[in-house]
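Student: Just passing along the structure, written as C-alpha cells.
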Amino acid sequence: MASKRGSSTRGFRPPPISVVLFLIVLGPLLFLAARSRFPTPSSVASDQNVSNKQVIDAFSINKQELEPWTLDNFRRNYVSYSWKVDGSDNSGENNVTFPEVHQIGSNVERETYEDKMEGGSRKGDKGTKDDLLNGEESQLLDPAKYTRRKLREKRREKRAAELVQQDDEARVKLENAAIERSKAVDSAILGKYSIWRRENENENSDSTVRLMRDQMIMARVYSVIAKSSNKLKLHEELSNRLKESQRVLGEAISDSDLPQSAPEKIKAMGQVLSKVREELYDCKVVTQKLRAMLQSADEQVRSLKKQSSFLGQLAAKTIPIGIHCLSMRLTIGYHLLSPEKRKFPRSENLENPNLYHYALFSDNVLAASVVVNSTIINAKNSCWSNVIITSSLLFVPSLTKRIYEFQEPEKHVFHLVTDKLNFGAMNMWFLLNPPGKATIHVENVDDFKWLNSSYCPVLRQLESAAMKEYYFKADHPTTFAAGSSNLKYRNPKYLSMLNHLRFYLPQVYPKLDKILFLDDDIVVQKDLTGLWSVDLHGKVNGAVETCGESFHRFDKYLNFSNPNISRNFDPNACGWAYGMNIFDLKEWRKKDITGIYHKWQNMNEDRVLWKLGSLPPGLLTFYRLTHPLNKSWHVLGLGYNPSIDRSEIENAAVVHYNGNMKPWLEIAMIKYRPYWTKYIKYDHPFVKNCKVSE
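Following this line, the structure appears as C-alpha cells:
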C-alpha cells in the first residue's frame, strides 16, 4: 500500500496556482480579442442599436423605480389623459398605455437628440452653451412635460409683462396724485421742517388744561370721601390744592392761557392725589361719586342751554343802543323841519306800473338804509359820484354825500312802511341821504285806516283776551324754563302788523302790477331788475325754495294732525323763503289771495294749525301758487348757519340774515357781518355821534 501511494504521488504533480489564475484571466481575453477581430454581422447590428441615451434612460428608469411610491411620484410619471396641449390633436390618447407612452417618448427623444447632435455638428462652434443645456434638459423630459414647461414659461413671461405694465401705470397715477397734492402746498413757507421741534407744537393745545380739570374732578371726589371718612387733614389739604388749581386755571381754554406756575400746581396736586388714593381708594365709592357728579353736570348743562336760549331770544328782540340813539336823533331832527321840507321829490312815480317798485316794511332805520343802499349800488350800470352838498337843515352842517347815478335811475321806486315810533326817523334819514334820482316814499302803517280789526283777523285776534293770555303769560311764568319757551312768542315782530302787511300788498299799492318785496335783514349784491322779466307761469309768488331732504317742508311748519291741514296739503311739499319775493299783483287780485289768507288766519284763532309767524300762513295761502326761482337769487341762513359756503354767498344776488343773529346785533356771526357793514355810512355825523360800531 505504501509503495503504491508513493508511486502514485511521484507520477502526478498538480500545476501551480499562478498558472491556474493566468489561464482563467487569459482565456476570456483571448476570446474577446478573437471576437473583436472577427465580428459577426448580428452582433455588430445589435451593438449599433445601443446608444448612450438608452444607458441614461436605463439608469433614470431604475432610479425612478427605486423611489418611494408617492402621490407626487405618480403625478410626475403618469400624466392625466384629460390634459391637452393647446392646438394639438389628442385623439386616440385614451388607447395608449403607460409603457407605450414611455416607449413613444424614448423614441421621440432619441430622434430629437440625434437631430440636435447632427445640427450641432453642422453648426460647429456657432451653437451656444444655453442651447446645449436646454437640449440636454429636454432630453430628460418626455414631450408632454417639455411642452407644458414651455407653456408655463410663456405664461410667466406674459404675466411678468402685465405686472410690469400695471406697475408703470400705478407709478404714473401715484406721481400725478403727488403732483396735485403738492399744488396745494405753500412752498413759500419755510422754516418749520421737523415736527419734533418745539415751535411746531400746537399753539392752541389744551392738554395741560384738560389734565388740570381732571385732577380737580378727582380732588372733589376724594374731598367728599375724606370728609365722610373723618379724614379732616386730607380733606383740608385737598380743598387747599383745589382752590390753588382753580385760581391758576381761571378761564383758560388753552395751554397758552395758563400762567408759568401751572406745572408746579399740577405736580403738587398729583402728589396729594397719590397719597389720598393710597388711603381712601374704594372702587365702588369712587364710582358712585363720579356718577353723582356726572348727573349734576348734565343738569347744569341743560340749565345753561335754557339760559342761552333765553338770552338769545332776549338779544334778538332788543335794539342796540347805537341804533336807538340814531333813531331818536333823526326823529328830533324831523320834527324840527318845516312841513314843506318833509316831502320827497318825484311823487308822481309812486303809482306808475311801468317802473321797478320795491316794498320794504321795517322799524329799523339802519337796516332799511342798508337795503336801499345795496340795491342802488348794485343796480345795472350804476356808478359813484361824489358831490359836496350844503344842507339847508337848521341843525346839520355841510355834509359830504355820495350820490349814486345809474342808467334810468328814475325807474327805481322804493316804498317804505314803518310804525309811528320810527316814522320821523325813517323820513329824516332818507331826506338827508336820498337814493340818487330814484324815488323813495315813507308811510306810517297806522295811517292805513282800512287796516282795522273788523277787516284784519290778526288785529282782531291780538285784541282778544285769549291771545293776550297766550302772548303775555308768558304772563308771570312759574319757572325759568316756561319763561324761556314763551319768550319767543313775545317777540315784537310776531305782534307787529308790519310783519303781516305783506298779505295786503294789492290794498297798499292798488295801481301797481308787480312789486318786489324785500325784508329789512337782507343785503342786495347784484342787479335785481331781471326779476321783473321772470315768467311766473300764472303763479302769484316768485320765491326761492328752501327744502332739503327732510327739512323746510310743510310738515315742519304746520300741524298735520289737524284734518284741515292733512286733507288739503302735502306734508312733503317744499317750503320757500320770505325775504325776496316777486309778486304778480294782477294774479293776486284775480285769485283773491288776501281772502285765502283771511280764511286760514280765522281757522287758526286757537293756534291749532300753526304756532306763530307769517311763513306758515304764507305757505298755506300761496300753496301751488308759487313759482320757484333759481337759488342764486336768494341765499338764506346768515343769521343762524355758520357753515354756508363762501362762494355761494358771494355769487348770490341777495343774502338773508334770517335767524336770531342779525348783523346789527352783538351776537351776529363775525364772518358774515362785512357783507352788511360795507353799506353803512359810518362817516355820517349822526352815525358817528351815536357810536354805531362797525
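One gets the numbering used here by counting positions in the sequence shown from 1 and adding 23 to each.
Positions of the beta carbon are idealized from the N, C-alpha and C atoms, including for glycine.
For the pair the segment 618-631 and the segment 477-488, tell me if three or more CB-CB distances fall below 8 Å.
Tutor: Contact between the segment 618-631 and the segment 477-488 is present, with at least three C-beta pairs closer than 8 Å.
Student: Quick one: what's got a C-beta closer than 8 Å to PHE526's C-beta in the same chain, skipping five residues either side?
Tutor: The answer, listed in chain order, is ILE616, THR617, TYR620, SER637, PRO640, GLY641, THR644.
Student: Classify THR310 as helix, strand or coil using the three-state DSSP reduction.
Tutor: Here THR310 sits in helix by DSSP.
Student: Name the DSSP beta bridge partners of TRP599, please?
Tutor: GLU568
Student: Applying the 10 Å Cβ sphere with the 16-neighbour rule, what's the burial state of VAL440?
Tutor: buried
Student: Can you tell me where the beta strand (DSSP E) holding LYS537 begins and where it ends?
Tutor: Element bounds for LYS537: 537-541.
Student: Answer with buried or exposed for SER392, where buried requires no fewer than 16 other C-beta atoms within 10 angstroms of its C-beta.
Tutor: buried
Student: Buried or exposed for LYS215, please, with buried defined as at least 16 other CB atoms from any protein chain shown within 10 angstroms of its CB.
Tutor: For LYS215, the predicted model reports a pLDDT of 45, less than 50, meaning its position is unreliable; a value from the coordinates is still stated below. When all chains shown are included, LYS215 counts as exposed.
Student: Can you tell me whether MET235 is buried or exposed, with buried defined as 16 or more other CB within 10 angstroms of its CB?
Tutor: buried
Student: Rounded to whole angstroms, what is the Cα-Cα separation between ASN409 and PRO665?
Tutor: At ASN409, the pLDDT of 36 sits below 50, so the modelled position is not reliable and the matter cannot be decided from this model.
Student: Might you give, ordered along the chain, the residues of its own chain that have their beta carbon closer than 8 Å to the beta carbon of LEU255, omitting 5 neighbours on each side?
Tutor: Excluding residues up to 5 positions away in sequence, ALA249 lie with their Cβ nearer than 8 Å to the Cβ of LEU255 in the same chain.
Student: In whole angstroms, what is the alpha-carbon distance linking THR13 and GLY50?
Tutor: A query on residue 13 cannot be resolved here, the shown segment of the chain reaching from 24 to 717 and no further.
Student: Residues bridged to PHE384 by DSSP?
Tutor: VAL440
Student: Can you have a look at ARG576 and say buried or exposed, based on whether 16 or more other CB atoms are within 10 angstroms of its CB?
Tutor: buried
Student: Report the three-state DSSP secondary structure of VAL678 (helix, strand or coil).
Tutor: strand
Student: In whole angstroms, what separates the C-alpha of TYR663 from that of SER655?
Tutor: 19 Å
Student: Kindly list the residues whose CB is nearer than 6 Å to the CB of ILE667, restricted to its own chain and excluding five residues on each side of it in sequence; keep chain order.
Tutor: GLY660
Student: Do you know offhand how far VAL119's Cα is from ARG182's?
Tutor: Residue confidence for VAL119 is low, a pLDDT of 42 falling below 50, so the modelled location carries little weight; the figure read from the coordinates is stated next. For VAL119 and ARG182, the gap between their C-alpha atoms comes out near 35 Å.
Student: Using 8 Å for Cβ pairs, my map puts ASN591 next to LEU632. What's the rounded Cβ distance?
Tutor: Contact doesn't hold; Cβ gap of about 11 Å is too wide.
Student: By Cβ distance, which residues of its chain are closer than 7 Å to ASP607, with the 5 residues on each side in sequence left out?
Tutor: LYS537, LEU559, VAL563
Student: Would you call the CB atoms of ASN683 and ILE690 closer than 9 Å?
Tutor: yes
Student: Using CA coordinates, which residue listed in ALA676, PRO594, LEU334, GLN484 is at the minimum distance from ASP629?
Tutor: GLN484
Student: Helix, strand or coil for TYR646? Go by DSSP, reduced to three states.
Tutor: coil
Student: Verify whether the separation of the beta carbon atoms of HIS464 and PHE437 is less than 9 Å.
Tutor: yes
Student: Which residues does DSSP pair with PHE453 in a beta bridge?
Tutor: PHE453 pairs with nothing; no bridge assigned.
Student: Suppose you measure from the CA of PRO458 to the CA of SER584; what does that come to, to the nearest Å?
Tutor: 49 Å
Student: Check for me: the alpha helix (DSSP H) holding ILE355 runs from which residue to which?
Tutor: 344-358
Student: With C-beta atoms as the reference, is ALA242 less than 9 Å away from MET316?
Tutor: no
Student: Which residues in the same chain have their Cβ closer than 6 Å to the Cβ of GLN530, if we skip the five residues on either side of it in sequence?
Tutor: none
Student: Report yes if the CB atom of LEU738 is closer than 9 Å to the CB atom of LYS609, and no otherwise.
Tutor: Nothing about residue 738 can be reported from this structure: the residues present for the chain run from 24 to 717 only.
Student: If TYR702 and ASN396 are in contact, beta carbons under 8 Å, what's the gap, nearest whole angstrom?
Tutor: The Cβ separation is near 5 Å, so the contact holds.
Student: Helix or strand or just coil, what does DSSP make of ARG576?
Tutor: strand
Student: Taking the C-alpha atoms as reference points, what is the distance between PHE709 and LEU539?
Tutor: 30 Å
Student: Whole angstroms is fine: what's the gap from SER716's alpha carbon to ASN582's?
Tutor: C-alpha separation (whole angstroms): 42 Å.
Student: Looking only at its chain, what residues have a beta carbon closer than 7 Å to the beta carbon of ASP278, apart from the 5 residues adjacent to it on each side?
Tutor: SER228, ASP229, SER230, THR231, VAL232
Student: Return the first residue and the last residue of the alpha helix (DSSP H) that ASP653 is part of.
Tutor: The question names Asp, but residue 653 in the sequence shown is Asn. ASN653: not part of any alpha helix (DSSP H); DSSP gives it neither H nor E.
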